[in-house]
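For reference, the structure discussed in these notes is given below.
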Amino acid sequence: MTYSFDPQEEEMEIPDKTCQRDDGVSYRGTVSVTVEGRVCLPWDQHSHHYTKAKFGEKYGLDYNYCRNPASDGEGAWCYIKSSHKSLYWQYCPVPKCGAERQKISDKTCQKGNGVSYRGTVNVTTTGKACLPWDKHSSHYTKARFGEKNGLYKNYCRNPEADEDRVWCYVKSSYDDTYWEFCPVPQCDTESYEERGQSYRGTTAMGWKGEPCREWAGNGKKYNPKAYPDSDLTKNYCRNPSPGSDHAPWCYLVSSSKLDWDYCAIPKCMKNKP
């Protein structure tokens, strides 16, 4: 098994590794995907202004982690590759710290059933690309609903609150259109205490933005039948192994070897006396 971050760092209460303050220039976490689900490019492997060789440790330009060097944007971002083999950039889905998070919650997380969510996540919990609303639905179209339901492009939405969270249409292998849920975290309830063994939220995304694999299925040590008390529902992040693991985690869709990762869920820090 492999993992990409150690939640024990949460106990040190270092917010710059779990969320971004102000414009995100001090963010030093390991999120490495954009708001549209695109994988970030390594800072040092492409020709551009911001490289670790040039700036050293000043901006934390390690690997392909989202950063905001020199406060050049409104939040953490990264370079991605375009279809024209040129570089361009996008912002990353790094939550705001403390009170700032509530101000932009409708763009970074979903409240309740997600009907008010207006973010730009456009991939599903299984990693499939969402289809544009106007081209693949006769019912849910911007022309029909106007601005009310935020049916822009192919962004995840829950237009009429008919599901319990945001979703989008995807294309099947049979050229049919069907839908799947999206890995957008809940705004206020998505946090865990202790080692997360009691966490029952719906986050289904690893710390680096990779979609989670369903717990049910062959070859998994941790499955619903073996751990009935751990609520291993669908592909939601859980911690059925609190004796050895420090936070909710999941198996990754991208791995054929059942690699896993801790999930992008903040730890609920209790006030200390």
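No gaps in the numbering here: position 176 of the sequence shown is 176 in the UniProt record's numbering, and each next residue is one more. Backbone N, C-alpha and C fix where the C-beta goes; we use that ideal spot for every residue, glycine too.
**OP:** Within its chain, find whatever has a CB closer than 8 Å to the CB of Glu-180; leave out the 5 residues flanking it on each side and keep chain order.
**Re:** One-based indexing of the sequence shown puts residue 180 at position 180. If we look at Glu-180 and ignore the five residues flanking it on each side, its Cβ neighbours are Thr-124, Thr-125, Thr-126, Lys-128, Trp-167, Cys-168 and Val-170.
Original post:
Does the distance from the CB of Val-121 to the CB of Tyr-27 come in under 9 Å?
Top reply: Position 121 of the sequence shown, counting from 1, holds the residue named residue 121. Position 27 of the sequence shown, counting from 1, holds the residue named residue 27. Tyr-27 is positioned such that its CB atom lies no closer than 9 Å to that of Val-121.
**OP:** Enumerate in chain order the residues of its own chain whose CB-to-CB distance from Lys-103 is below 6 Å, with the five nearest sequence positions on each side excluded.
**Re:** Working through the sequence shown from its first residue, we reach residue 103 at position 103. Annotation note: pLDDT 44 at Lys-103 (below 50); position unreliable, coordinate value reported separately. Same-chain partners within the cutoff: there are none.
Original post:
Comparing alpha-carbon positions, which option in Asp-164, Cys-109, Arg-118 and Arg-213 lies nearest Ser-254?
Top reply: Numbered from 1 along the sequence shown, position 254 holds the residue referred to as residue 254. Comparing Cα-Cα distances from Ser-254 to each of Asp-164, Cys-109, Arg-118 and Arg-213, the minimum goes to Arg-213.
Original post:
Unbroken beta strand (DSSP E) runs of length 3 or more, entirely within the UniProt domain "Kringle" (192-270): which are they?
Top reply: 249-251 and 260-262
Original post:
Where does Lys-171 fall in DSSP's three states?
Top reply: Sequence index remark: in the sequence shown, residue 171 carries index 171 (1-based). Lys-171: strand per DSSP, three-state reduction.
**OP:** Would you grab the beta carbon distance between Cys-97 and Arg-157 for me? Rounded to a whole angstrom, and I think it's under 8 Å.
**Re:** Residue numbering aside, residue 97 sits at position 97 when the sequence shown is read from its first letter. Residue numbering aside, residue 157 sits at position 157 when the sequence shown is read from its first letter. That belief does not hold up - the Cβ atoms of Cys-97 and Arg-157 are roughly 26 Å apart, past 8 Å.
Original post:
In this structure, does DSSP put Ala-129 in helix, strand or coil?
Top reply: What you label residue 129 is simply residue 129 of the sequence shown in a count that begins at 1. Note: Ala-129 maps to strand in three-state DSSP.
Subject >> Lys-81, DSSP secondary structure in three states >> reply: The residue given as residue 81 occupies position 81 in the sequence shown. It is a strand residue.
Subject >> CB of Leu-252 within 9 Å of CB of Glu-210, strictly >> reply: For the purposes of this step, residue 252 is identified with residue 252 of the sequence shown, where counting begins at 1. For the purposes of this step, residue 210 is identified with residue 210 of the sequence shown, where counting begins at 1. Cβ distance < 9 Å, so Leu-252 and Glu-210 count as in contact.
**OP:** Have a look at Thr-233 and Thr-51 and give me their C-alpha separation to the nearest angstrom.
**Re:** Start at 1 with the first residue of the sequence shown, and residue 233 comes out as number 233. Start at 1 with the first residue of the sequence shown, and residue 51 comes out as number 51. One C-alpha to the other measures close to 42 Å.
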